[in-house]
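As given, the protein sequences belong to chains A and B, one line each in that order. Numbering-wise, the first sequence is residues 28 to 308 according to the numbering used here. Numbering-wise, the second sequence is residues -10 to 278 according to the numbering used here. Even glycine gets a Cβ: it sits at the ideal position worked out from N, Cα and C. See structure below.
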Amino acid sequence: MRPERRRRTPLRRALRGLAFLAVALWSLFPIVFVIHASFRPPATIFAVPPQYLVRPTVQNYVELARLWPEFFGSLANSLIVTLGATALTVAASALAGWVYARRRGRLLTASAFFMVLVRMFPPIVITLPLFPAVNAAGLSDTHLVLVLLYAAFFVSLGTWIMKAFVDQVPREFEEAAEVDGASLRQMLRHVIVPLAIPGMIAAAVFVFVFAWNEFLFAFVFTTTRARTAPLIISEMLGSVTGVDWGPVFAAATIQLVPVLLFVALLQRHLVAGLTAGGVKG
Amino acid sequence: MRARPIHYLLISPAQLLLVVTILVPSLWVGWLSLHEASFGTEARFVGFANYARLAADPYFWRAFLNTVVVVNVIVYAELLLGLGIALLFAGGLPFPRLMLAIVLAPYAISEVVVVIMWKAMFEPQAGVMQLLLGALGLPGLEWAVDPVHGLALIVLLAVWHHLPFTFLLLYAALLGVPKELHEAAKVDGAGAWCAFRHVTLPAIMPAILVALLFRYVFAFRLFSEPWLLTQGGPARMTEVMAVYLYKAAFRYHELGLAAATGWAMLLLSLAISLPYLRAVRRRMFADAA
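Structure (structure tokens):
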């Protein structure tokens, strides 16, 4: 259904405008609330009656650095884990997605079906046997265990997105290059990789956002050195002396702004990936 | 083209990841569920005793009931809101890139931060939403004390967080409905509701079903939101199945009980997705022939 230009009465137009406003408010209000609160003087955050028009301050950020210095190390952990998981997922998905788009065979189809099937398995279930196994293997509290788990939970979606994108590229492109006598390396460099890049970006967006934000696995499998930013924030929230909201808002703002910009910039790829991986899944 | 051994090699990294980190541990949980064990102790075969204990545990049934109610409310609230926003957007969108970015924004936020936002806005004494409710003459949300309020807040923040997914699937489907169909209905004298009911709705029904199914399967895993908001309290009244499982394993060290819960969650997830899986399998093997 394309946007249709039927004649609209002023009342109808006003109502639609209000509806758009309500949607924007619903989506943005909690986000703006946290970012705004992070710049308010601590004493005014929960003042009654509320005080919104106060002079902005970085006091909460200073407090965050003083009370929770490990938060900044956890940002580095988050970045390492996120980049590792994204690279692994995109590489494994690109290889598999290409094969599933181009080749046929009963065993291959069975393995493709298996990929769809495991998407339905609840992640929390595997923590039970993996918790002792990871400890026994000496992988507890490492970046590697999170990278492997995050990649495992997104490699199916990634493969599906890749397959959907490769399906849209005519097979003749590769065949023409082959006829022209291109070597495998030339084929890869000039034909396959450029054609696969939009799919790879779309697959990357999903793992990136997931890995940057993930809580459950970080909570179960890391204790000190490999703790990610969401985990440290959850610890700030759960302190026994009551929540010290100022630093919490500052940490939340630092954690959310980069990924918010990332999603806004790569929105087109997110939409393409979701419709490819979801509906045609 | 037929697959050759090299192609099986190319899919092996993805397949290995799934087999080693998801399939084998999940099957292992099935084995664990038939044993009595704690972390670090020898497992002892007990048959279906863990399942019998689950069935006799009122806390398990409370968690199960909470899950069923919460998941259904979340999924259908998202469907209605998502469909409403998708229809609004499909009817002509001012500043399309900006508006889409705004609606997708919650997707980018961590569950932990989502909990912070709503917990702060519903802070019992001075949260902005509590003040707003008060100004409207309504009672505040006593989510830390009253289990029903606690679950309501969990639903609210889950819907806020996951609405972009449902919205996007439905919006994409709406844009794919041929305009001619809608116009033909209009020419035949159909009203707006009639055209929606008999033209638009059937055309986007496949997308609605896929969105519903995926949201059922994913909402069923709900853990972080209740865990970070109430830890299942007060008095274990706001636990969902994943929280029950986590507490059984990591707080009470009842690995067998946790494994039985886990296996129940796995089987229920597969049962929910069965119609989808069957359709996918039929199409895949038809393609492969």
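In this structure the region 144 to 156 of chain A lies against the region 249 to 256 of chain B, because at least three pairs of beta carbons, one per stretch, are closer than 8 Å. Ranked by how close their Cα comes to the Cα of TYR48 of chain B, the residues B:SER258, B:SER262 and B:GLY221 have B:GLY221 in first place. Setting aside the 5 residues that flank it on each side, ALA237 of chain B is surrounded in the same chain by GLU243, LEU246, ALA247 and THR250, each with a C-beta closer than 7 Å to its C-beta; the list follows chain order.
Listed along chain B are PRO14, TRP17, VAL18 and LEU21, each with a C-beta nearer than 7 Å to that of PRO156 of chain A. With a 10 Å radius around the Cβ and a threshold of 16 neighbouring Cβ atoms, TRP95 of chain A comes out buried. Shown here, HIS24 of chain B sits in a strand according to DSSP, grouped into three states. With a cutoff of 8 Å on beta-carbon distance, VAL188 of chain B and LEU170 of chain B are scored as near each other. Separation of TYR241 of chain B and VAL174 of chain A (C-alpha to C-alpha, rounded to the nearest whole angstrom) is 28 Å. By the neighbour-count definition (other C-beta atoms within 10 Å, threshold 16), SER210 of chain A is an exposed residue. Out of B:ALA174, B:GLU228, B:ILE193 and B:ALA277, the CA that lies nearest to the CA of GLY71 of chain B is found in B:ILE193. At a Cβ-Cβ threshold of 8 Å, GLY226 of chain A and VAL182 of chain A do not count as neighbours. Within the region 90 to 112 of chain B, those residues whose Cβ lies closer than 9 Å to any Cβ of chain A are, in chain order, ALA90, ILE91, VAL92, LEU93, ALA94, PRO95, TYR96, ALA97, ILE98, SER99, GLU100, VAL101, VAL102, VAL103, VAL104, ILE105, MET106, TRP107, LYS108, ALA109, MET110 and GLU112. Within the same chain, HIS242, GLU243 and LEU244 come within 8 Å of SER27 of chain B by CB-CB distance, once the 5 residues on both sides are set aside. When the beta-carbon positions are compared, ILE228 of chain A and LEU288 of chain A stay at least 8 Å from each other.
Per DSSP, reduced to three states, the secondary structure at ARG130 of chain A is coil, with no helix or strand assignment.
What VAL182 of chain A touches in chain B, judged by beta-carbon distance under 7 Å, is ALA3, LEU6 and LEU7, going in chain order. Closer than 7 Å at the C-beta level to chain B, one finds these residues of the region 239 to 270 of chain A: ASN240, PHE242, LEU243, PRO257, ILE260, SER261 and LEU264. With contacts defined by Cβ atoms closer than 8 Å, ARG131 of chain A and ALA277 of chain B form a contacting pair.
Minimum Cα-Cα distance from ARG186 of chain B among the listed residues B:PRO2, B:ARG204, B:LEU76 and B:LEU157 corresponds to B:LEU76.
Spanning the alpha carbons of LEU222 of chain A and ALA299 of chain A requires a straight line of approximately 15 Å. When C-alpha distances from TYR96 of chain B are compared across B:GLY73, B:ILE0 and B:TRP149, the shortest belongs to B:TRP149.
Counting C-beta pairs with one atom in each stretch, the region 114 to 132 of chain B and the region 15 to 25 of chain B have fewer than three that are closer than 8 Å, which means they do not touch. Within chain B, the residues whose beta carbon sits less than 7 Å from that of ARG133 of chain A are ALA277, listed in sequence order.
For a Cβ distance threshold of 9 Å, nothing in chain A lies close to LEU256 of chain B: the least Cβ distance comes to about 10 Å.
Taking 8 Å as the cut-off, the Cβ atoms of VAL145 of chain A and LEU7 of chain B count as close. Taking 8 Å as the threshold, the shortest C-beta distance from VAL60 of chain B to chain A does not fall below it. Around SER213 of chain B, the beta-carbon contacts reaching into chain A at under 7 Å are PHE242 and LEU243. When 7 Å is used as the limit between beta carbons, TRP272 of chain A is near these residues of chain B: ALA109, in chain order. Annotation for ARG271 of chain B: the continuous alpha helix (DSSP H) segment containing it runs 244 to 277. Shown here, ARG204 of chain B sits in a helix according to DSSP, grouped into three states. Neighbourhood of VAL206 of chain B in chain A, by CB distance below 7 Å: MET147, in chain order. Between VAL290 of chain A and LEU297 of chain A a beta carbon distance of about 6 Å is seen, short of the 8 Å cut, so the two are scored as contacting.
Between the region 170 to 185 of chain B and the region 263 to 274 of chain B, the count of Cβ pairs shorter than 8 Å is below three; the stretches do not touch.
Counting only the Cα atoms, ARG129 of chain A lies some 33 Å from LYS168 of chain B. Shortest Cα-Cα distance from VAL275 of chain A to any of A:ALA191, A:PHE158 and A:VAL89 involves A:VAL89.
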